[in-house]
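Report on the structure given below.
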Amino acid sequence: MERANDSTFSGFILLGFSNRPQLENALFVVILIIYFLSCLGNGTIILLSVMDPHLHTPMYFFLSNLSFMDLCLTTCTVPQTLANFKGKDKTITYGGCVTQLFIALGLGGVECVLLSVMAYDRYAAVCRPLHYMVIMHPQLCLQLIVTAWLTGLGNSVVQTALIMTLPLCGKNQVDHFFCEVPVMLKLACTNTSINEAELFAVSVFFLVVPLSLILVSYGHITRAVLKIKSAQGRQKAFGTCGSHLLVVIIFFGTLISMYLQPPSNYSQDVNKSIALFYTLVTPLLNPLIYTLRNKDVKGALRRLVRTPQT
1 MERANDSTFS GFILLGFSNR PQLENALFVV ILIIYFLSCL GNGTIILLSV
51 MDPHLHTPMY FFLSNLSFMD LCLTTCTVPQ TLANFKGKDK TITYGGCVTQ
101 LFIALGLGGV ECVLLSVMAY DRYAAVCRPL HYMVIMHPQL CLQLIVTAWL
151 TGLGNSVVQT ALIMTLPLCG KNQVDHFFCE VPVMLKLACT NTSINEAELF
201 AVSVFFLVVP LSLILVSYGH ITRAVLKIKS AQGRQKAFGT CGSHLLVVII
251 FFGTLISMYL QPPSNYSQDV NKSIALFYTL VTPLLNPLIY TLRNKDVKGA
301 LRRLVRTPQT
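Each residue of the sequence shown is one higher than the last, beginning at 1 in full-length UniProt numbering.
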């Protein structure tokens, strides 16, 4: 957005939950704990995926990218949020706001594409086990990751530029705890219907299309699992797939509820609650559900702990 016309413009004010100081104090503790656990979990996944040769597989290659992306997303928003909750100064610089907007948009897009790639990887592993390593060869894995990052960050460059060039007319109070597209559109003092239509189209591409591909992949996986004769094997497979789908539903559900409706329809309290889910809860759940319950990861942890003793 264009800066306010006067030269004293010093940034944006992130209102957060400033009208509820007791809630801010409670959220500070909860968010700090979640952030620490999220960094610990995702950092562990990255470390193990790099150091343990047993985890040099397509699945853990994608998971380490997901963990790295989650670390970047939470670090982009959480430290500023915690500082605002505990301090009287709730401002964020213009550059800081642009950075938050760019990173949140970009990494959100990357995760949407990456989750669909991971669903395809699981489809190949379950439904085409004999051809898995031929299908998911290293070159393809690298190409898929590069495509996910370029697509997400490329879209973010365009979206951020379009949003930050809208006129402010002196408005600088952001009714949120970080700079996000819908709430930034509300600050504009011009007709944003074209921006909203463009945002809706991009959201369909990054949300509806990947989610559809994920559901198709898991539909094939479910059909393959039902053919397993062992009841214990079926139960284990369904438990794993169910956990993965839970993360997908939480992530895509929160983003769809936010981005596939006009910003004018948002309740800001609901908007903030939804944002907490996909910036904090999902990055915490990803390592817990995808890997830390996995026997391969547990084995890698044991090997890592024993290494200094040998």
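Quick reminder that beta carbons are idealized off the backbone N, C-alpha and C, glycines included.
Keep in mind it's a predicted model, so treat the numbers as computed, not measured.
The secondary-structure analysis by DSSP pairs V174 across a beta bridge with L14. Non-local beta-carbon contacts of L280 in its own chain, meaning distances under 6 Å to residues more than five positions away in sequence, involve I34 in chain order.
Rounded to whole angstroms, I221 and N286 show a C-alpha spacing of 20 Å.
The DSSP-derived three-state label of T91 is strand.
The stretch 47-56 and the stretch 105-122 do not touch, with fewer than three beta-carbon pairs separated by less than 8 Å. Apart from the 5 residues on each side of it in sequence, V78 sits with its Cβ closer than 6 Å to the Cβ of Y35 in its chain, given in chain order. Cβ neighbours of L213 within its own chain (closer than 6 Å, five residues either side excluded): S116. Annotated three-state conformation of D296 is helix, per DSSP. Taking the Cα of G299 as reference, the smallest distance to any Cα among S49, I103 and Y259 is reached at S49.
Between W149 and the set A83, F68 and K171, the nearest pair of CA atoms involves F68. The stretch 158-174 and the stretch 190-198 touch, with three or more beta-carbon pairs separated by less than 8 Å.
For S257, the closest C-alpha among the options F200, L246, L284 and Y218 is that of F200.
Scanning the stretch 19-102 from its first residue to its last, the whole alpha helix (DSSP H) runs of 4-plus residues come out as 21-51 and 58-86. Between L107 and C141, the C-beta spacing is not below 9 Å. Shown here, E111 sits in a helix according to DSSP, grouped into three states.
In its chain, beyond the 5 residues on either side, Y218 have a beta carbon closer than 7 Å to the beta carbon of L245. Distance check between D296 and each of Y60, R20 and L37 places Y60 closest, using alpha-carbon atoms only. Per the coordinates, the alpha-carbon of L153 lies some 29 Å from the alpha-carbon of C241.
Put simply, of T81, K88 and I45 the residue whose alpha carbon is nearest the alpha carbon of L71 is I45. It is roughly 13 Å from the alpha-carbon of F252 to the alpha-carbon of V110. The alpha-carbon of I135 is positioned some 45 Å away from that of D269. C-alpha of I274 to C-alpha of G87: approximately 24 Å in a straight line.
Taking G41 as the centre and dropping the five residues before and after it, the same chain places the C-beta of P287 closer than 6 Å to its C-beta, in chain order. The DSSP assignment places no complete beta strand (DSSP E) segment of no fewer than 3 residues inside the stretch 203-288. Of the residues assessed, H137 falls on the exposed side of the cut-off, its CB having fewer than 16 other CB atoms within 10 angstroms.
One thing to note: Q159 has its Cβ within 9 Å of the Cβ of V202. With a cutoff of 9 Å on beta-carbon distance, N172 and F17 are scored as not near each other. By the C-beta density criterion, V29 is exposed, having fewer than 16 other C-beta atoms within 10 angstroms. In its chain, beyond the 5 residues on either side, no residue has a beta carbon closer than 7 Å to the beta carbon of N294. When the five nearest sequence neighbours on each side are left out, the beta carbons in the same chain lying within less than 7 Å of the beta carbon of P210 are those of C112, V113, L115 and S116, in order along the chain. Apart from sequence neighbours up to five positions away, the residues of its chain that approach V126 with a beta-carbon distance below 6 Å are I221 and A224, ordered along the chain.
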